[in-house]
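Data block below; observations after.
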Amino acid sequence: MASPIQSKARLRTQTGCLKCRKRRKKCDEVKPQCKGCIRNGLECTWPTAADLIADRRRAPLSWKSQPSLPEVLSGLSLQHADYVALLSHFVDSICPRIVRRECRPEYFNHEYMLRLAYVCPPLMAVIIAVAAFDKETPRYDRLAMESYQFSLHNLRARIARAANAGNDDALLATTVFLCVFENLRSDTQLNLNLHLTATGALLTQRDSTETQVDPRSVTVFERLCAESFLYHSSLMMLFNPSLDALANTGYTLNWTRYFSNSQPEAEVWSNKKTQPVLDAPYNLFLLIAGVTRLARVTRPLNEGEVETWKELNYQLLEFKQTTSHDAYQLHFEAMHIMLLKVHPILPESEVMEQVYRVLQDGSSILYALDTHSNLLAYLLWPLTVLGSIAVDSQTRRLVKAKIDELARRRHGLITRTQKWLRYTWDLPQGDRAMMTRRGLRILVGGSQIGKECV
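Start counting at 1 in the sequence shown, then tack on 329, and there's your number in the numbering used here.
Structure follows, in structure tokens:
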């Protein structure tokens with residue numbers, strides 16, 4: 330016998346009230362009663378969490394057997410054979426790299442997102458863009474940029490038409506994959522801040538909507554999107570000095586909605602099956618963002634900033650007690666260095682001495698670090714911090730060797746990091762303290778440094 334969820338009729342449209350979906354009519358999504366239900370004298374009801382989840386469990390699509398391009402790609406100069414090859418590459422090669430291998434099987438099932446793509450031109454286009462860029466050929470690189478521009482154009486039009494953008498899963502998925510594409514590029518990240526801001530706004534609007542799913546029933550799709558947003562918006566701040574998508578969203582977004590099944594921190598480190606992207610407690614990434622933001626200050630801290638410094642330092646000390654994992658001990662040392670840069674009390678000479686000691690501790694961790702067991706930006710973030718203040722040739726060689734190991738994966742972030750460190754290391758030599766201060770300044774140095782070396 331079919332389960333209660335399986336026996337329900339499938340909803341026929343992406344959004345709208347249940348009556349309009351059942352009647353296969355377009356819904357204007359006005360709440361509490363849409364115009365269609367008012368006009369026809371119907372009771373206007375909206376999907377529950379169970380309805381939303383059931384609607385996501387339909388049969389998978391088979392793009393390989395379709396004789397022509399889907400209608401959503403009609404504006405692209407894309408051949409059917411390329412479409413099949415690229416979508417297959419996305420599913421078979423890219424999706425497994427997006428999600429951590431230790432996660433539960435449901436996090437590897439991307440059928441729902443692909444169904445969204447078949448009715449959402451900007452989402453399908455950015456999926457094709459990511460897959461094409463990952464193929465590493467000039468022809469596919471051109472197609473990737475064409476698909477990316479197509480996605481941007483159609484996304485703006487869809488947002489303008491959306492009656493309830495916060496509940497549009499296709500919009501959310503599109504902004505997430507636009508961020509993924511930006512990080513693949515080695516030339517620039519002109520729109521990363523824009524895409525992350527849009528993703529944060531959609532997640533926040535979803536929090537405030539009347540039809541939000543119960544936190545205990547949060548979907549796999551939403552968890553993936555929330556973790557991806559936090560991953561990009563926290564770790565990318567270091568590589569894009571103008572980026573701070575969490576400045577406002579970080580305080581207004583209801584994080585517990587997406588991470589309600591989080592365990593105490595000590596347990597999270599050892600049981601990561603429900604963390605498809607982050608590989609750590611979500612508030613660690615909020616801490617990384619907070620430390621990066623404060624380290625950008627170039628003057629003495631004011632009274633409010635001193636209190637912020639104390640709170641961030643306390644959180645860092647608390648986290649240090651929860652895990653001995655090398656990769657995150659490296660993060661802790663890197664954050665320690667950034668907090669030392671803006672220490673509110675210590676004289677500069679003492680700050681420099683502590684920075685040297687922390688750098689030595691970080692270098693010891695680096696020697697034994699396995700670069701193959703972590704997602705890319707996890708390691709590039711602390712490596713960039715340590716590399717920026719590395720003065721002696723031995724430490725620089727160690728940092729370069731670890732980055733070269735990561736460079737086997739094609740990723741624009743690696744190229745930008747290599748350029749960043751080459752710029753820093755090629756500057757005129759001086760005494761150790763001067764070079765360390767300069768490295769710290771360049772590390773969070775703002776847009777001019779970014780323009781010169783990235």
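Every residue, glycine too, gets a C-beta built ideally from N, C-alpha and C.
Contacting residues, own chain, Cβ-Cβ under 8 Å from residue i (five flanking each side not counted)
i, result
"residue 521", "508, 511, 512, 561, 565, 569 and 572"
"residue 728", "695, 712, 715, 716, 719 and 750"
"residue 578", "526, 529, 530, 532, 533 and 562"
"residue 758", "764"
"residue 621", "563, 566, 567, 667 and 773"
"residue 768", "717, 718, 719, 720 and 753"
Rounded straight-line distance, which links the Cα of residue j to that of residue i
i, j, result
"residue 749", "residue 567", "11 Å"
"residue 696", "residue 659", "11 Å"
"residue 370", "residue 354", "15 Å"
"residue 402", "residue 453", "7 Å"
"residue 420", "residue 446", "13 Å"
"residue 730", "residue 747", "11 Å"
"residue 661", "residue 449", "41 Å"
"residue 545", "residue 375", "A caution first: residue 545 carries a pLDDT of 39, below 50, which makes its placement in the model too unreliable to give a value."
"residue 352", "residue 438", "29 Å"
"residue 349", "residue 417", "34 Å"
"residue 610", "residue 707", "13 Å"
"residue 409", "residue 486", "25 Å"
"residue 745", "residue 515", "6 Å"
"residue 599", "residue 483", "Its pLDDT being 46, under 50, residue 599 is placed unreliably in this model, and the value from its coordinates should be taken loosely. Taking the straight line joining both Cα atoms gives about 42 Å."
"residue 465", "residue 432", "28 Å"
"residue 473", "residue 736", "21 Å"
"residue 774", "residue 372", "58 Å"
"residue 693", "residue 628", "32 Å"
"residue 379", "residue 468", "Unreliable positioning characterises residue 379 in this predicted model, as indicated by a pLDDT of 40, which lies under 50. A coordinate reading is not provided."
"residue 499", "residue 436", "17 Å"
"residue 399", "residue 470", "21 Å"
"residue 494", "residue 657", "36 Å"
"residue 367", "residue 359", "11 Å"
"residue 406", "residue 770", "46 Å"
"residue 630", "residue 677", "14 Å"
"residue 364", "residue 346", "11 Å"
"residue 786", "residue 434", "No answer is possible for residue 786: the residues shown for the chain start at 330 and end at 783."
"residue 523", "residue 741", "18 Å"
Residues of its chain near residue i, where Cβ-Cβ distance is below 6 Å and the 5 sequence neighbours each way are ignored
i, result
"residue 457", "415 and 476"
"residue 557", "505 and 606"
"residue 501", "531 and 554"
Start-to-end residues for the alpha helix (DSSP H) that takes in residue i
i, result
"residue 449", "First-last for residue 449: undefined, no H or E at that position."
"residue 665", "655–670"
"residue 362", "That residue, residue 362, is in no alpha helix (DSSP H); it is neither H nor E in DSSP."
"residue 568", "Neither: residue 568 is in no alpha helix (DSSP H) and is coded neither H nor E."
"residue 687", "677–697"
"residue 643", "632–649"
"residue 413", "409–418"
"residue 512", "498–513"
"residue 772", "761–772"
"residue 749", "741–754"
"residue 477", "467–490"
"residue 425", "424–427"
"residue 351", "347–351"
"residue 354", "Residue 354 -> no alpha helix (DSSP H), and no H or E assigned at all."
"residue 869", "Outside the displayed range of the chain (330 to 783) lies residue 869, so it cannot be described from this structure."
"residue 614", "611–624"
"residue 584", "584–587"
Expected contact under 8 Å - CB spacing of residue i and residue j to nearest Å
i, j, result
"residue 479", "residue 404", "6 Å"
"residue 563", "residue 575", "7 Å"
"residue 715", "residue 762", "About 17 Å; that fails the 8 Å criterion."
"residue 733", "residue 698", "Their Cβ separation, rounded to whole angstroms, is 13 Å, which puts residue 733 and residue 698 out of contact at 8 Å."
"residue 357", "residue 489", "That belief does not hold up - the Cβ atoms of residue 357 and residue 489 are roughly 15 Å apart, past 8 Å."
"residue 503", "residue 455", "6 Å"
"residue 650", "residue 616", "Not confirmed; about 14 Å, so no contact."
"residue 626", "residue 634", "6 Å"
"residue 709", "residue 743", "7 Å"
"residue 559", "residue 614", "5 Å"
"residue 608", "residue 429", "6 Å"
Close beta carbons around residue i, own chain, < 7 Å, minus the five adjacent residues each side
i, result
"residue 680", "669 and 672"
"residue 423", "459, 460 and 463"
"residue 684", "666, 669, 718 and 765"
"residue 623", "634, 637, 638, 641 and 671"
"residue 451", "480, 483, 484, 487 and 503"
"residue 584", "611"
Contact test: residue i Cβ vs the ligand ATP heavy atom, cutoff 6 Å
i, result
"residue 621", "Of ligands this structure carries none, so the ligand ATP is not represented either."
Problem set entry | the segment 633–646 / the segment 665–673 touching (three or more Cβ pairs under 8 Å) | yes
For this session: For the segment 684–698 and the segment 723–737, state whether three or more C-beta atom pairs, one from each stretch, are separated by less than 8 Å.
Result: The segment 684–698 vs the segment 723–737: in contact.
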